[in-house]
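Written below as structure tokens is the structure these notes are about.
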Amino acid sequence: MNPPSEPFFLEDRAETQGVDWRLLGRLLRYVAPHRGILAGALAALLCGTFCQLSGPYIIKIVIDRHVTTGHLGGMEGWVLLYLAALAGAMGFLYAQMYAVSVLGQRVILALRRQMFARMERLPVAYFDRTPTGRLMTRLTSDVEALQELLSSGLVSTVGDAAVLVGTAAILLGMNFRLALVVFSVLPVLVLFVELLKKYIRDANREARRKLARLNAFLQEHVTGVPVVKAFVREGKSERRFDALNDEYAAENIRLTNFYSVYFPGVEMLASVAVALLLWRGGVSLLSGAITFGTLVAFLEYAQKFYNPIKDMSDKYNILQSALASSERIFQILDAELSPEYRDAAPAASRPAPASVATGSAPVPAIEFRDVWFSYPKPEGFGLAQGLEGPPVLRGVSFVLEEGQTGAIVGATGAGKTTVLSLLFRFYEIRRGQIYLFGREIREFPREELRGLLSLVLQEPFLFPGTVIENVAAGGPAVSAALSAVGVDRFAREWGEGMATDVGERGVRLSTGQRQMVSFARALAREPRILLLDEATSSVDPVTEGRIREALAEILPGRTALVVAHRLSTVLSADRIIVMHKGKVRESGTHAELMAAGGIYRRLYALQFEKSG
Numbered sequence: 096m097n098p099p100s101e102p103f104f105l106e107d108r109a110e111t112q113g114v115d116w117r118l119l120g121r122l123l124r125y126v127a128p129h130r131g132i133l134a135g136a137l138a139a140l141l142c143g144t145f146c147q148l149s150g151p152y153i154i155k156i157v158i159d160r161h162v163t164t165g166h167l168g169g170m171e172g173w174v175l176l177y178l179a180a181l182a183g184a185m186g187f188l189y190a191q192m193y194a195v196s197v198l199g200q201r202v203i204l205a206l207r208r209q210m211f212a213r214m215e216r217l218p219v220a221y222f223d224r225t226p227t228g229r230l231m232t233r234l235t236s237d238v239e240a241l242q243e244l245l246s247s248g249l250v251s252t253v254g255d256a257a258v259l260v261g262t263a264a265i266l267l268g269m270n271f272r273l274a275l276v277v278f279s280v281l282p283v284l285v286l287f288v289e290l291l292k293k294y295i296r297d298a299n300r301e302a303r304r305k306l307a308r309l310n311a312f313l314q315e316h317v318t319g320v321p322v323v324k325a326f327v328r329e330g331k332s333e334r335r336f337d338a339l340n341d342e343y344a345a346e347n348i349r350l351t352n353f354y355s356v357y358f359p360g361v362e363m364l365a366s367v368a369v370a371l372l373l374w375r376g377g378v379s380l381l382s383g384a385i386t387f388g389t390l391v392a393f394l395e396y397a398q399k400f401y402n403p404i405k406d407m408s409d410k411y412n413i414l415q416s417a418l419a420s421s422e423r424i425f426q427i428l429d430a431e432l433s434p435e436y437r438d439a440a441p442a443a444s445r446p447a448p449a450s451v452a453t454g455s456a457p458v459p460a461i462e463f464r465d466v467w468f469s470y471p472k473p474e475g476f477g478l479a480q481g482l483e484g485p486p487v488l489r490g491v492s493f494v495l496e497e498g499q500t501g502a503i504v505g506a507t508g509a510g511k512t513t514v515l516s517l518l519f520r521f522y523e524i525r526r527g528q529i530y531l532f533g534r535e536i537r538e539f540p541r542e543e544l545r546g547l548l549s550l551v552l553q554e555p556f557l558f559p560g561t562v563i564e565n566v567a568a569g570g571p572a573v574s575a576a577l578s579a580v581g582v583d584r585f586a587r588e589w590g591e592g593m594a595t596d597v598g599e600r601g602v603r604l605s606t607g608q609r610q611m612v613s614f615a616r617a618l619a620r621e622p623r624i625l626l627l628d629e630a631t632s633s634v635d636p637v638t639e640g641r642i643r644e645a646l647a648e649i650l651p652g653r654t655a656l657v658v659a660h661r662l663s664t665v666l667s668a669d670r671i672i673v674m675h676k677g678k679v680r681e682s683g684t685h686a687e688l689m690a691a692g693g694i695y696r697r698l699y700a701l702q703f704e705k706s707g
């Protein structure tokens, strides 16, 4: 339960520098299907900007034509026009914000859907090396960063640009010299913004990286609560969480400090521009070069000119954060799909199994031919391309005929569970061939391959919901599966029977009950091959006896491959395969292997003779 090491988070440091236009263009492609909403938002924005910019000019007209001259006739019309401009600005702002929110939610909806669909199709090896907390961060906070870009970034940036250009044009048109006074502090302001922008951007990135670390730690420790409690690690976990939490809080405080300098700094420079405008405008007013209404309008426009600049760094960092998030999101979307989703190679390109090639019958249900396999090496996040660890399977070959029950036994680490994973194509073999019913498994479409197989794991996993819903997730033969395993018998002890809610991961059921339900779920598919990975190791002898009775009824006519440590569960198997250090060392029936006096005989002695 130790926290991930620092290199495990290297990917979070690899964020975009500057504006990656290729990445931005790819992100905007998700907006393209909603161009009508975007056009409406932009139209509302431009209309709202026009209403905002018209207000100060209307004030100028009222002052120059009516207030300073004393002619009040017709002034009420201008006042009503000013109020209409304010109402219009407010209405168009509402329309813009609503349209942008709808646009953002639709884009995020599509993006999350695509991300989840892609993650469902990634190879199992990807999840072996990728912390769940990191994936949750991608689906939540990273996607929310894109939502913020759409709602507070792109369209608002267009609006800020429109305000800047429109205000500058009005100021230059009203009085060129006074406009230059308003613009005089811009060089200093640009230098100030550029200086702080880098620090704010880096602090934003560091905060997101530390948030990812915090999320990963939380997920790990929430999932592993029983282990934390069992080993009395609450204190250590709390101290580590406090450290990660403090780091994240400290980074946010550092970011706040930068903003605390940035916003007052921009405000101060804007105030300097207003002060210069008052001085120069006052002189021009006294000399008669401008009217009092012009000076008032200039003051209003000066405020409107500098307001977008105040938000410049914030908008830029929203863009940077969104681009960094989109880069991590696209890494998931661009990750290599699970091998079973690739097009199958032509059947003629692979050799047929021995029985098919010679025309003999029957065709084996399962055949491994010189299978070699290594798990990929981890490197940072995900998996190193082309790098493999030491071989787990070393030239494994065996045959299991249809209708037979096979068993794989051996010491921990011998490669037993790996054999089952390869049958499901959770991983791809390095070399060799695996055949099901005379057909190489890489030629099967995913649905067809896994429709032939059904798996019961050592650690049963149930989905939130009722017992009946979990069994139905396996296949349509629910009633027969429940009856065969005997779940319907002990379900009577529950208050709601088959409608009993199993809770998250099935925590409301005992381990044995969860295993019985998962066994029924596997049988509900009516598979041709049943794979059991230590399926009875977590149940009590009575439940194990029930499962044996059920197997005696359901296994005839169906092939089964059982991985077992308890030899008592495989004594009657048609073929027992003994594995040691990734190789098949012995194969035969219980009697044959006992007579051979090899590894199996020693395993049997360890489990039965010494205990007896």
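Count along the sequence shown starting at 1, add 95, and that's the number in this note's numbering. Just so you know, even glycine gets a beta-carbon here, dropped at the ideal spot from N, CA and C.
Under the assumption that residue i contacts residue j (Cβ atoms under 8 Å), give the Cβ distance between them as a whole number of angstroms.
i: V356; j: L291; result: 7 Å
i: E497; j: P457; result: 6 Å
i: V562; j: V612; result: 6 Å
i: P486; j: F463; result: In fact, because the Cβ distance is near 14 Å, the residues do not count as touching under 8 Å.
i: L241; j: L206; result: 7 Å
i: Q191; j: V250; result: 7 Å
i: Y343; j: L309; result: 5 Å
i: L552; j: D628; result: 5 Å
With a Cβ-Cβ cutoff of 8 Å, do residue i and residue j count as a contact?
i: V277; j: F400; result: yes
i: G388; j: K155; result: yes
i: A298; j: E346; result: yes
i: T232; j: L306; result: yes
i: V597; j: L557; result: yes
i: G592; j: P555; result: no
i: G677; j: A502; result: no
i: L284; j: F393; result: no
i: L488; j: T513; result: yes
i: L148; j: T227; result: no
i: A630; j: A576; result: no
i: V679; j: F521; result: no
i: L708; j: S279; result: One cannot answer for residue 708 here, as it falls past the ends of the chain, which runs 96 to 707.
i: K511; j: V658; result: yes
i: A302; j: R229; result: no
Between the alpha carbons of residue i and residue j, how many angstroms are there, rounded?
i: R334; j: R328; result: 10 Å
i: L708; j: D255; result: Look at the range of the chain in this structure, 96 to 707, and you will see that residue 708 is not part of it.
i: S605; j: V566; result: 16 Å
i: L515; j: L698; result: 22 Å
i: D237; j: A136; result: 24 Å
i: R296; j: D337; result: 25 Å
i: L167; j: F187; result: 31 Å
i: G57; j: D465; result: As shown, the chain starts at 96 and ends at 707. That puts residue 57 outside it, with no answer to give.
i: P98; j: E315; result: The pLDDT assigned to P98 is 39, lower than 50, so where the model puts this residue is not dependable, and the model offers no usable value.
i: E543; j: L245; result: 42 Å
i: R304; j: R130; result: 33 Å
i: F287; j: R525; result: 58 Å
i: L133; j: Y193; result: 11 Å
i: V361; j: A430; result: 43 Å
i: A727; j: Y152; result: Because the chain in this structure spans residues 96 to 707, residue 727 falls outside the shown range and cannot be described.
i: F326; j: E564; result: 35 Å
i: R587; j: A617; result: 21 Å
i: Q426; j: A212; result: 14 Å
i: A368; j: G165; result: 31 Å
i: L175; j: Q209; result: 51 Å
i: T500; j: G683; result: 12 Å
Nearest to residue i by alpha carbon, out of the options?
i: G569; options: S578, A615, Q553; result: A615
i: L313; options: S332, E644, E215; result: S332
i: E681; options: H129, V491, K293; result: V491
i: H74; options: H675, V283, V679, I671; result: Only positions 96 to 707 of the chain appear in the structure, and residue 74 is not among them; the question remains open.
i: R653; options: L394, E629, S251, D669; result: D669
i: L234; options: D429, I424, F187, I503; result: I424
i: T386; options: K324, P403, N270; result: N270
i: R537; options: F519, V551, R300, L552; result: F519
i: T507; options: V320, H161, R661; result: R661
Does the ligand ADP have even one heavy atom less than 7 Å from the beta-carbon of residue i?
i: T595; result: Annotation note on the ligand ADP: not contained in the displayed structure, which lists no ligands.
Stretch-stretch touch, CB-based, cutoff 8 Å, three pairs: the segment 540-560 with the segment 620-629: yes
Sufficient close CB pairs (3 or more, under 8 Å) joining the segment 523-533 to the segment 690-701: Here the segment 523-533 makes no contact with the segment 690-701; the two share fewer than three CB pairs at distances below 8 Å.
Three-pair Cβ contact test at 8 Å for the segment 178-187 versus the segment 132-149: yes
Contact between the segment 115-135 and the segment 412-423 (3+ Cβ pairs under 8 Å): Yes, since at least three Cβ pairs between the segment 115-135 and the segment 412-423 fall closer than 8 Å, the two stretches touch.
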